[in-house]
Amino acid sequence: MFTYLDTPWQRYWLIILLAVWAILLFGGFIFGRGDTTRRMPTWTRITSSFVLVIAAWSWFAFTLETQVAHFALLIALGMSLGFAGDLFMAGLLPGGRSVIGGMAAFGLGHILYISAILTVGNQLGLNADVPRWSALVAWLIIGALGWYFVVFRSQRATTLHWAALPYALLLAGTAGLATGLALQATVFVPLATGAVLFLLSDLILAAELFNNARFPFIGDVVWLTYGPAQALILYAVGAVYAFLI
């Protein structure tokens, strides 16, 4: 995916950013000294997310004069909103931790991801009805079931519980449409994997928030699925570039 970029320094820059992201995320887990629910320090998690934002806008800058630019822009905006969601969830913005703020930021980000996937699917001719809509329906069902069993079941419904339903369906929608692309072109399997991992990460987080689920290093598991999810979604820009060139 890097070989199609115009100059070697662009390739090296994106590879370096990917390496720095991995060192921060996985190094934070390996060498962190947290408690039994999370080893990763906040600064390594948040910085790893910020590195992906830098990489996203770098992809956009490097593809600005190409047919990939619109897709790259939507992904960069979505990644930026994801970083805002991380700040909300980590309590690093004024007002402290805000689950609603985090959900809103991530949800808006996924609207942009969905727009990017639909747009590039139409652009590349990967818009066959059966794989696109059957995968979408399947993942929407999975998302709704995940919300019911993880968030809603055996709970006294609150506004936050109900707000989690459209949020879960948005994430499932991204997974479904990305899967529809992957069924038509295997180059998009990493994108679909990233979208599925994002949904999985969110369901684990929801189990912790809404059902008080606990197992060793649950906070790290959330990030070890969420971080790679975002990276796979982001570097799909390179897959689209390779497909078009």
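Residue numbers (our numbering): 2 to 246. The beta-carbon is built from N, C-alpha and C at its ideal position, and this holds for glycine as well.
1) Does the distance from the C-beta atom of Ala117 to that of Leu161 stay below 7 Å?
2) Here's the rule: buried if 16 or more other CB atoms are within 10 angstroms of the residue's CB, otherwise exposed. What is Leu63?
3) Is the beta carbon of Gly195 sitting closer than 7 Å to the one on Ala136?
4) Under 6 Å Cβ to Cβ from Ser50, same chain only, skipping five residues before and after it: list those, please.
5) Can you have a look at Val131 and say buried or exposed, based on whether 16 or more other CB atoms are within 10 angstroms of its CB?
6) Here's a check: name, in chain order, each residue in its chain whose Cβ is nearer than 7 Å to the Cβ of Trp58, leaving out the five neighbours to either side.
7) When burial is assigned at 16 or more other CB atoms within 10 Å of the CB, is Thr120 buried or exposed?
8) Helix, strand or coil: how does DSSP classify Arg154 here?
9) Val54 and Ser81: beta carbons closer than 7 Å?
10) With a 10 Å radius around its C-beta and 16 neighbouring C-beta atoms as the bar for buried, classify Val197 as buried or exposed.
11) Quick check: the Cα distance between Arg215 and Phe244, rounded to an integer number of angstroms?
12) Among Val241, Ala207, Ala158 and Gly122, whose alpha-carbon lies nearest the alpha-carbon of Tyr227?
13) For the alpha helix (DSSP H) containing Thr226, name the first residue and the last one.
14) Taking Cβ to Cβ, would you say Pro191 is nearer than 7 Å to Leu233?
15) Note down the Cα distance separating Ile31 from Gly126, rounded to an integer number of angstroms.
16) Return the Cβ separation of Arg147 and Leu204 in integer angstroms, given the expectation that the two are a contact with Cβ distance under 8 Å.
17) Quick one: residues in its chain with C-beta nearer than 8 Å to the C-beta of Asn123, no 5 flanking neighbours on either side, listed in chain order?
Quick answer:
1) No, the pair does not count as a contact, with Cβ atoms beyond the cut-off.
2) First, the amino acid is wrong: residue 63 is Phe here, not Leu. In the assembly as shown, Phe63 is a buried residue. Its beta-carbon has 16 or more other beta-carbons within 10 Å.
3) Ala136 sits away from Gly195, with the two beta carbons spaced by 7 Å or more.
4) Phe84 and Asp87.
5) Exposed.
6) Hits under 7 Å: Ala77.
7) So Thr120 counts as exposed.
8) In this structure, Arg154 counts as coil in the three-state DSSP scheme.
9) Yes, the Cβ-Cβ distance between Val54 and Ser81 is below 7 Å.
10) Under the 10 Å beta carbon count, Val197 is surrounded by 16 or more other beta carbons and is classified as buried.
11) Rounded to the nearest angstrom, the two C-alpha atoms are 43 Å apart.
12) Closest by alpha carbon: Ala207.
13) Ile219 to Leu235 is the span of the alpha helix (DSSP H), which, as asked, contains Thr226.
14) Contact: yes.
15) In this structure, the alpha-carbon of Ile31 lies about 43 Å from that of Gly126.
16) A small fix is needed here, since residue 147 is Gly in this sequence, not Arg. With a Cβ gap of about 5 Å, Gly147 and Leu204 count as contacting.
17) If we look at Asn123 and ignore the five residues flanking it on each side, it has no Cβ neighbours.
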